[in-house]
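The listed protein sequences derive, respectively, from chains A and B.
Quick note on numbering: the first sequence equals residues 2 to 852 in my numbering.
Quick note on numbering: the second sequence equals residues 934 to 1263 in my numbering.
No residue lacks a Cβ here, since even glycine has one placed at the ideal position from N, Cα and C.
Structure first, then comments.
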Amino acid sequence: MTREVDELDPPPPYDPELDRAQRERLAAAWKTPTGWRYFSAVNNSVVGLWYLIGSFAFFAFGGLMALLMRTQLAVPENDFLSMELYNQVFTMHGTVMMFLFAVPIFEAVAIMVLPEILGARDLPFPRLSTFGFMCFVIGGVFVCGSLLFGVGPDGGWFMYPPLSSSEAQTGLGTDIWLLGLSFIEVASIAAAIELIVGVLKSRPPGMRLNLMPLYCWYVLVVGGMILFAFPPLIAGDLLLEMERAFHWPFFDPDKGGDPLLWQHLFWIFGHPEVYIIFLPSIAIIATIVPTFARVPMIGHSWIVLSAVGVAFLSFGLWVHHMFATGLPGISLAFFSAASEAVAIPTGVQIFCFIGTILVGRLRMSVPMLFAAGALAIFVFGGLTGVMVALVPFDLQAHDTYFVVAHLHYTLIGGALFPVFAGVWYWYPFATDKALSERLGKWAFWLMFTGFNVAFLPMHWTGIQGMPRRVWTYSEADGWTALNMISTIGAFTLAAGFVVLVYDVVRPKKNQPYVKRNVWDAGTLEWSEEVPGMPWGIRSIPYIGTRYPLWEQKGLLEEIDRGEWLLPDAEEGKREMIVTDLLDGRPLFVQRVPGPTFKTVIAAALLGAVFIFATYHWWTATIAAAVLTVAAIIWWLWTGTAHPPEKPTKYVGRGMHLPLYASGTASVGWWAMFITMVGDMTAFFGLVFAYFFFWTIYPEWPPAGLGLPHAGWLAAGLVLLLAACAAMAAAVRLNRKSRIGAARLALAASAGLAVPGTLGFVWACWGEGLNPTEHAFTATIWVLVLWLGLHMLVALLMPLYCIARSLCGYLTPEYDADLRNSALYWNFMAATALIVFLLLAVLPHLLGGPMP
Amino acid sequence: VAQGRTGFVLRLPARVALPVLLAGCSPKTSWLAGAGTGALETERMMWIMLSGAVLIWAAVMALAFWAARTNPEDPRKTEALARDLVRWGGLVFPIAVVTTLLIWALFMMRGAADARADMVVAVEGEQWWWRVTYDPGTEAETVTANEIRLPVGQSVRFLLTSDDVIHSFWVPALGGKTDMIPGRETSLLLHPVREGAWTGICAEYCGGAHAQMRLEVIVEPAEDFAAWRAGLAEPVAAADHPGLDLFLTHGCGACHTLRGTPANGQVGPELTHLAARTTLGAGILPMEREVLADWITHTHDLKPGVLMPAYPDLPPQALDTLVDFLMALE
């Protein structure tokens, strides 16, 4: 088999003058803005750094919450914190650590290192990264800030209704939690889309899937998990906020609702979430271990399969958080078995690491020390996990400090220590300076000792009967000594973190640069020159091995001399190569946008939508929503899918690549596809609610509530399907250069969308269905509401395409906007069809009393 | 019962370790109190699994340490060894262990599902106390609060409900917990085998005063229980006490019931035999005269968040009479 790389022209002879000129042009194109414009930067290394700083700032805040709790619990009957404040503090600790640290830190590290590991100069949607980051910061500050005004959420990070669904029980804090976190989830999903497309489409030429570094595999798996795990929570948040704000009784048993519905939706998110936190950290270990063992990872494909296996299993064990809710024994047994099964792929991964260390000649350093500490802590947490996954044991352990100990062993061992290892490992990559070995050891031993002193006794505290989420206990309970020990440990752990932070932030002006590829690693991110250049990689090589810096001799020098692809930025544009998602064949050159404030403005406006909604200022909310849409259109109009000045570009080595792509070759199409998969998952969260109610009602549909009018629903469906067909026709007509007809089809699509949607609304409205009357009618209305909100976006798309066509940005050759819109419309047709089936057909098929 | 014997052998490590670890520890809330069959089974399970966990952990650590220290002489041989490690240690061993554990747990669950109950008690979770009904749905139905007495050796089915938020009914000394969910009725079977006073705890965060939602569970000989149960059905003992007037004029009866008097409130705990209970304020305070007076005047200092209003301005004389009356409610 001839390899593509052998068919390339040989590199031109080295010309120092050309090299210098190319470097200057690259530097100009990729220059990071300075002064106040620094905050308009979009390049992954800058945004990744912001993300890291932001995540660790929230981590410090969450850690402070932990210290407050430990101080309160150090002695019995303490009055350091009031009951009200303690309830807010423990809610915030869980919320901040889960939503504002554990998931964002994955995104931070991945945004920072993924492109460089892939030999790419940026991620395919740099502005989306900034947008996500800004959403994260605005939402996070909003949620955390509530605590300073004494209105922090106090319903627990799990927010179980009816405690959280009644305004009499929990106040504004719950609204802040629901809307603030929904906003942050938008950021998480945005980053997931960015990272999935990054792994699939911005690999270097030649890097087939089987050559992809393990880190990238984990990013792909975790991105996919976020895509399927977060949307059910968004659906749950929507239902809960609708109940709080408008009294749609999804969780109110007096009106046909059920509190357990929330628990299902929450844990369908919540358990995968644990692995969303854990797998990226294992990815860091999987990167560090081969470097320090100085051999490739053994069992590469076993690890990939295990990661995929854990991801699948993680969606099938949410009920193990609900063992005490009195579910039938058969479902408990099923979910218990699924929970136990996770031990198997996890065991495989850990033994692959140990096996690699055995095969290699291990060199110890601080990152390896953190990795070893992670192993010691995590393995014990995994073993107690095997215990709590068994139903009879869990019925005692559930909601006690035994579980507090277990989850911190898994999360701190399985996620936090590896992240610290990663910070240490990649610090020289990001800053060209080294951290202090001595301080690193201090930090590690303080944290390791402190952690175990804090959390090992907690197993016993739980066995002695101490439940979670209690702000006080009495001397007579006999938990005093154990709690005091845990508090001392917690402060020791915090001291270790302070040492690490000091080491990271202390000025290093006079410290020499590290040598290039300081750990002698094998992956591409270490091809960066020292000091680092804003463009990332000098020229983009063909990759034929898993550890190119080890296994492709002379690669570094070839990259530096600009002998590989895209060594220049002749037009002064930021460019990257997009490859085929399976075999890494170069497809086209993607021009990525540079610095802008448009995304910051769009994020701020979207933040305003969520914040105004929290306070139920509906007029302001709608105004901000309109402005958000306008800002996003402005951003898209000026930043995406511009027809290039020439169809192809010379990228070096005799290769010409197109400068534009649409459809499945393009990154935009994939981003739309992945977004809509996530969107459909949220929709299925609502569909789940529908079927959940079907299983609990003795009679279906519940008598006396009425049903939507089937005729109007059918009319609405026909119109929306016609609108979707018009979009598809527009794509074909435009491609055949029948531009006028294409514009007409687009106008028809927009024209049909409005009456089609109104058909669905009127089918419910005209029959007098009242969403506040019963959970069944509320579910019907929320499905229609979902469809309606999506149709608002769907309506804008053909209008946008008409405008692009009129302005000459959308032509028969350059039709990415149109094809992406048509793709969105396909998902809308599916959504409308499902809503129709649920509202018009299933009540008759499933009708009558339950068997 | 057979569990007694194996339970003793397996609890040996506990007997050795406990005095060291837990000097001065009260067993009232401990899973290891061994007062119910459920708790005994879990305890046995815990010791076996915890010992196993420690052993496996030590073995994995030793293996990792050895791997780090060894430098391969023959790389090919070492790599084959490493692959065997992954195969046997990472795949086969966990499969064997978790399968065994799972089968064991399933048999335990099956046993629990088949068990029959000798008596039924309904418990409703309230913010932040417990409404207890003996013989629910029968002629003999009697309501009380915050204290449950059970005859030793008889199995009890608890029917669990809630009308406000989710609570969870848990008596660690007797066995596992079950949630109390608005709109649903759940049930839990407990089988007390050891006499004593044990603590029940709300295990699901239920808002404000969750930490102070406790319950006293007294396991006693069958004849003592029978006598207590007969007394429970009796109306108020001190209906002619002057304190009853104070109780009614201050509006206590709007929330509390005293059977045999006009006080028939349903919002707060039933108080007909208040003084016969051993605790106050939902299991958090001892039932003593001074504490009771303090509870009436400084309710929120003793239990922040509690829904009962405090009566700080009650004249000392009146308070005295009222407490006298309440302490007479044997």
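The alpha-carbon of L566(A) is positioned some 35 Å away from that of F421(A). In terms of beta-carbon proximity, P1105(B) lines the interface with chain A, with at least one pair separated by less than 9 Å.
Going by DSSP, F1102(B) is part of the beta strand (DSSP E) stretching over H1100 to W1103.
Around I358(A), the beta-carbon contacts reaching into chain B at under 8 Å are A997, A1000 and A1001. Taking G789(A) as the centre and dropping the five residues before and after it, the same chain places the C-beta of T758 closer than 6 Å to its C-beta, in chain order. Bridge pairing for R1147(B): I1134(B) [DSSP]. The DSSP-derived three-state label of P1008(B) is helix.
CA-to-CA, the gap between V320(A) and A339(A) works out to about 10 Å.
Annotation note: the stretch 1206 to 1249 of chain B contains the following uninterrupted alpha helix (DSSP H) runs of length 4 or greater, listed N- to C-terminal: 1222 to 1230 and 1232 to 1235.
In the DSSP assignment, A398(A) falls outside any beta strand (DSSP E) and within the unbroken alpha helix (DSSP H) covering V392 to A398. Legend: CB atoms of the stretch 960 to 971 of chain B lying less than 7 Å from CB atoms of chain A belong to residues T962, S963, W964 and L965. At a cut-off of 9 Å, the C-beta of W1037(B) has a neighbouring C-beta in chain A.
Any Cβ of chain A closer than 9 Å to the Cβ of P1005(B) would place that residue at the interface, and such an atom is present. In the three-state DSSP reduction, L1083(B) falls in the strand class (E or B). Collapsing the DSSP output to three states places L1165(B) in a helix.
DSSP places D1047(B) in the uninterrupted alpha helix (DSSP H) bounded by F1026 to D1047. The DSSP-derived three-state label of K574(A) is coil.
Relative to the Cα of L318(A), the nearest Cα in the group A455(A), I197(A), H845(A) and Y276(A) belongs to Y276(A).
With a beta-carbon spacing of about 31 Å, L556(A) and V505(A) fall beyond the 8 Å limit used to define contacts. As for any alpha helix (DSSP H) of minimum length 4 sitting wholly inside the stretch 168 to 208 of chain A, the runs are 173 to 202, ordered along the chain. V110(A) and F498(A) have their C-alpha atoms roughly 18 Å apart. Taking a cut-off of 8 Å for Cβ pairs, the stretch 1046 to 1059 of chain B and the stretch 1013 to 1033 of chain B do not touch, as fewer than three such pairs fall below it. For D400(A), the chain B residues whose C-beta falls within less than 9 Å of its own C-beta are S1101, W1103, K1110, A1136, E1137 and Y1138, listed in chain order. Within its own chain, the residues whose Cβ lies closer than 7 Å to the Cβ of K202(A), once the five positions on either side in sequence are excluded, are P125, V579, T580, L582, V668 and W671, listed in chain order.
Taking every protein chain shown into account, the CB of N484(A) has 16 or more other CB atoms within 10 angstroms, so this residue is buried.
By the 16-neighbour rule on beta-carbons within 10 angstroms, E108(A) is buried.
A straight-line Cα-Cα distance of about 8 Å links V290(A) and M298(A). Rounded to the nearest whole angstrom, the C-alpha separation of A830(A) and L811(A) is 24 Å. Relative to the Cα of P644(A), the nearest Cα in the group Y651(A), H265(A), A312(A) and P659(A) belongs to P659(A). In summary, W1062(B) is buried, with 16 or more beta-carbon neighbours lying within 10 Å of its beta-carbon over all protein chains present.
With distances taken between CA atoms, P250(A) lies nearest to P162(A) out of Q170(A), P162(A) and V152(A). In terms of Cα proximity to S663(A), the closest of A683(A), L824(A) and I803(A) is L824(A).
Taking a 10 Å sphere around the C-beta of E571(A), we find fewer than 16 other C-beta atoms and assign the residue as exposed.
Counting only residues of its own chain and dropping the five nearest sequence neighbours on each side, V6(A) has a CB closer than 7 Å to the CB of G207, Y543 and G545.
Residues of the stretch 376 to 391 of chain A with a C-beta less than 7 Å from any C-beta of chain B: L376, A377, V380, F381, L384, T385, V387, M388 and L391, listed in chain order. For the 9 Å CB-CB criterion, G1023(B) and G348(A) form a contact.
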